[in-house]
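Some notes on the structure that comes next.
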Amino acid sequence: MEVRLALTHPLSLDVAFAVHGFTVLLGTSGAGKTTLLRAIAGLVPAATGPFAHLRVEDRPVGYLPQHIALFPHLRAWENAAFPLPRSIDRRARALELLDRFAIAALADRFPRELSGGEQQRVGLARALARNPELLLLDEPTSALDVASRDRVFADVIARVRASGVPALAASHDPWLAQQADHVAVLAAGRIAQEGPPGEVFARPRNLAVARLVDFRNLFPGRVVAIAEPWATIDSAAGPLQAPAHDWLTTGQDVMAGIRPEEVIVVRPDRPLGLAVQDNRIAGTLATLHQAGLHVHGGFVAAAAPAFTLELLLPRFVQDRLNLTAGQSLEVTLKRRYLHLMQREPAAPEQR
Amino acid sequence: MIPDALIQAWPAFRLSLELATAASGFVVLLGVPLAWLLATRRFPGRRALEAACLLPLALPPTVLGYYLLLLLGSSGPLARATGLQWAFSFPGLVVGAVLFSLPLSLSTFREVFLRLDPDLLDTARTLGARPLARFRRVVLPLAWPGLLSGAVLAFAHTLGEFGVVLMIGGSIPGRTQVASIYLYDLVQALDFGAAGVVAGTLLAVAFVTVFAMRILEERWRSASPSRTR
Chain A
1 MEVRLALTHP
11 LSLDVAFAVH
21 GFTVLLGTSG
31 AGKTTLLRAI
41 AGLVPAATGP
51 FAHLRVEDRP
61 VGYLPQHIAL
71 FPHLRAWENA
81 AFPLPRSIDR
91 RARALELLDR
101 FAIAALADRF
111 PRELSGGEQQ
121 RVGLARALAR
131 NPELLLLDEP
141 TSALDVASRD
151 RVFADVIARV
161 RASGVPALAA
171 SHDPWLAQQA
181 DHVAVLAAGR
191 IAQEGPPGEV
201 FARPRNLAVA
211 RLVDFRNLFP
221 GRVVAIAEPW
231 ATIDSAAGPL
241 QAPAHDWLTT
251 GQDVMAGIRP
261 EEVIVVRPDR
271 PLGLAVQDNR
281 IAGTLATLHQ
291 AGLHVHGGFV
301 AAAAPAFTLE
311 LLLPRFVQDR
321 LNLTAGQSLE
331 VTLKRRYLHL
341 MQREPAAPEQ
351 R
Chain B
1 MIPDALIQAW
11 PAFRLSLELA
21 TAASGFVVLL
31 GVPLAWLLAT
41 RRFPGRRALE
51 AACLLPLALP
61 PTVLGYYLLL
71 LLGSSGPLAR
81 ATGLQWAFSF
91 PGLVVGAVLF
101 SLPLSLSTFR
111 EVFLRLDPDL
121 LDTARTLGAR
131 PLARFRRVVL
141 PLAWPGLLSG
151 AVLAFAHTLG
161 EFGVVLMIGG
171 SIPGRTQVAS
181 IYLYDLVQAL
191 DFGAAGVVAG
201 TLLAVAFVTV
211 FAMRILEERW
221 RSASPSRTR
């Protein structure tokens, strides 16, 4: 399903993207994700959009707002049955809908007697009651505990997929985007990039997307040589190699990015394999602190104090290396994982 | 054993109860749609309409009564247009009581509607419920204790009304002499014994209505928790 929609009020949006399977609309808070979902549902007036010719009440969408909005005076099954006509056996149909989300046993509870995750499942059952052509989910992981989110919501996604109804979930949660079949990134009122999550997370098209998908190490460089499949850039920390792109030209200013968990600490006790010989940078470990089971490090290059990198090491690496703040350190940026982006922000979507 | 004073006061009490019932009924019919309009729609003149509805709060009851007398009297526009003479009659009392109680109840109704979660109404809309269905299936079940509390407020306020009723109705026994005015007439006649019985009864009735109002209000508040956004 194709979504094309333009808005000027309450904010400027002009988007075109595909929804198939479980699609995540990824964007920072305030990017207009909620407004976009509400416009598709018709709650925000828009002249365009997939169902623009229909009244809100007649649009074949199932809308689940961020706070779920179950009717507090109705039991779970009555909530699920809300949109059903009186001519059918509403309770039987509602139970069948609740059963799709494994909560038929809670049918007679009121919303206040349900946990956030259970309320969400009732909301989903209700949203599917009219057999919509599209499900709209606003920040579906925000109602869940982070501890149980992965397990609980992966199951919800599987059940939504099983319903066969394409879903569009607005979220700022990279975890959710990684579970999706398709990701569209909303930035500055446009779709900055769309594609399978593996593609978007590995090769963000520009800085806005890179930041959303956790490329926390971003630094400028200039292309000095291209020898397919690699390009060499000159950075503050010296020459670095990265995969070439077809848009690259020698002399071009680019941004390079690498994820903190993909910065590798060189182990002095072990000879380096050939693969990590390249992109070595010497410097100091300026900061070090524990974050749960990981260790966060701040690395400063010896050649350029302005060139800093964030490191994220699993605890078994720290157990072996016994790093301390202030010590000298060498890191390598595996060239396969160093990603080059165009310098100008928000390159237009190529379709 | 019912005291004689109370038996003699019965016509005045009955009139008061009839007036309060009729007035609170019309306040609901008029005030609920008006409050819904004021709470949910943006239209030119909304503030002016709101101010006009709240005006009786700031007016001495005698001023309101005076204008109503001009409006409803034998040579007023109502009489000339329809031949109806509502001054010094029960319908005139109802008009005065409705206008005088509307601002208080309207504020209650409006607050009830403003506290409804707009997400609930939006979601109901996406689920196919048209405006009347949304009102019947979502708004009323959540808001009825609050709305009833506003109606009881109008009832209590009308029972306690004096100035407007005196201006527009005079004090015609059996026709416009309500309990509060009957009490005033008893005191004027220095009949303090009977006045005490009437005053005590009014006090008791007022306490019961205000108490009922508080219970309804609490019930409504617990049913519609204040929004977190």
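From first to last, the protein sequence lines stand for chains A and B. Sequential numbering of the first sequence, starting at 1, is according to our numbering. Sequential numbering of the second sequence, starting at 1, is according to our numbering. We treat Cβ as the ideally placed atom computed from N, Cα and C, and that holds for glycine. Only a predicted model underlies this, so the values are computations on that prediction, with no experimental measurement involved.
Report back the beta-carbon spacing between residue i and residue j to the nearest angstrom; my notes put them in contact at under 8 Å.
i	j	result
glycine 233(B)	tryptophan 220(B)	Because chain B here runs from 1 to 229, residue 233(B) falls outside it and cannot be looked at.
leucine 93(B)	threonine 176(B)	6 Å
alanine 236(A)	valine 209(A)	Contact doesn't hold; Cβ gap of about 23 Å is too wide.
histidine 182(A)	threonine 23(A)	4 Å
aspartate 90(A)	leucine 84(A)	Looking at the sequence provided, one finds arginine at residue 90(A) rather than aspartate. Right, their Cβ atoms sit about 5 Å apart.
glutamine 318(A)	valine 300(A)	Rounded, the Cβ-Cβ distance is 19 Å, inconsistent with contact.
Kindly indicate which three-state DSSP category residue i falls into: helix, strand or coil?
i	result
phenylalanine 17(A)	strand
glycine 150(B)	helix
threonine 123(B)	helix
leucine 333(A)	strand
histidine 157(B)	helix
glutamine 252(A)	coil
arginine 121(A)	helix
arginine 151(A)	helix
methionine 341(A)	strand
phenylalanine 113(B)	helix
leucine 74(A)	coil
valine 213(A)	coil
leucine 84(A)	coil
glycine 62(A)	strand
glutamine 177(B)	coil
serine 171(A)	strand
tryptophan 220(B)	helix
Use the C-beta contact count for residue i: other C-beta atoms within 10 angstroms, 16 or more gives buried, fewer gives exposed.
i	result
phenylalanine 109(B)	buried
serine 75(B)	exposed
valine 200(A)	buried
valine 125(B)	Correcting the residue type first, residue 125(B) is arginine in the shown sequence and not valine. Buried, by the Cβ-count rule.
aspartate 269(A)	exposed
arginine 335(A)	buried
alanine 48(B)	exposed
proline 10(A)	exposed
Quick one: what's got a C-beta closer than 6 Å to residue i's C-beta in the same chain, skipping five residues either side?
i	result
aspartate 253(A)	Arg222, Arg343
valine 15(A)	Leu5, Ile191
proline 61(B)	Gly163, Val164
leucine 72(B)	Leu78, Trp86, Ala87, Gly92
proline 204(A)	Ala210, Val213
Contact criterion: CB-CB distance below 8 Å. Does residue i meet it with respect to chain A?
i	result
serine 226(B)	Confidence is the limiting factor: at serine 226(B) the pLDDT is only 47, short of 50, which leaves the residue's position unreliable and the question unanswerable from this model.
proline 77(B)	no
glycine 146(B)	no
aspartate 185(B)	no
arginine 42(B)	no
valine 139(B)	no
arginine 125(B)	yes
aspartate 119(B)	yes
leucine 106(B)	no
arginine 130(B)	yes
aspartate 191(B)	no
leucine 142(B)	yes
Who are the near neighbours of residue i in its chain, counting only those whose CB is closer than 8 Å to its CB and skipping five residues on each side?
i	result
aspartate 108(A)	Arg75, Ala76, Trp77
serine 89(B)	Gly169, Arg175, Thr176
valine 152(B)	Ser24, Thr209, Ala212, Met213, Leu216
serine 238(B)	With chain B running from 1 to 229 in the structure shown, residue 238(B) is simply not present.
alanine 223(B)	Leu142, Pro145
leucine 134(A)	Met1, Val19, Ile40, Pro50, Pro60, Val61, Gly62, Val165, Pro166, Ala167, Leu168
threonine 284(A)	Phe299, Val300, Ala302, Gly326, Gln327, Ser328, Leu329
phenylalanine 101(A)	Arg121, Val122, Leu124, Ala125, Val156, Arg159
Check whether chain B comes within 8 Å of residue i, counting only Cβ atoms and requiring the distance to be less than that.
i	result
arginine 93(A)	no
phenylalanine 110(A)	no
histidine 172(A)	no
valine 183(A)	no
histidine 289(A)	no
tryptophan 26(A)	In the sequence as displayed, the identity of residue 26(A) is leucine instead of tryptophan. No - not a single Cβ of chain B is within 8 Å of the one on leucine 26(A).
glycine 37(A)	Strictly speaking, residue 37(A) in this sequence is leucine, with glycine absent from that position. It does not: the Cβ of leucine 37(A) has no partner Cβ on chain B nearer than 8 Å.
histidine 416(A)	Outside the modelled stretch of chain A, which goes from 1 to 351, sits residue 416(A), for which no answer is possible.
glutamate 57(A)	yes
Could you name the residues of the same chain whose beta carbon sits closer than 7 Å to that of residue i, not counting the 5 residues immediately before and after it, in chain order?
i	result
glutamate 118(A)	Ile103, Leu106
alanine 206(B)	Ala156, Leu159, Gly160
alanine 306(A)	Ala236
leucine 106(B)	Gly31, Leu34, Ala35, Cys53
Give a single yes or no on whether residue i has its beta carbon closer than 7 Å to a heavy atom of the ligand FMN.
i	result
alanine 104(A)	What this structure holds is no ligand at all, so the ligand FMN is not there to describe.
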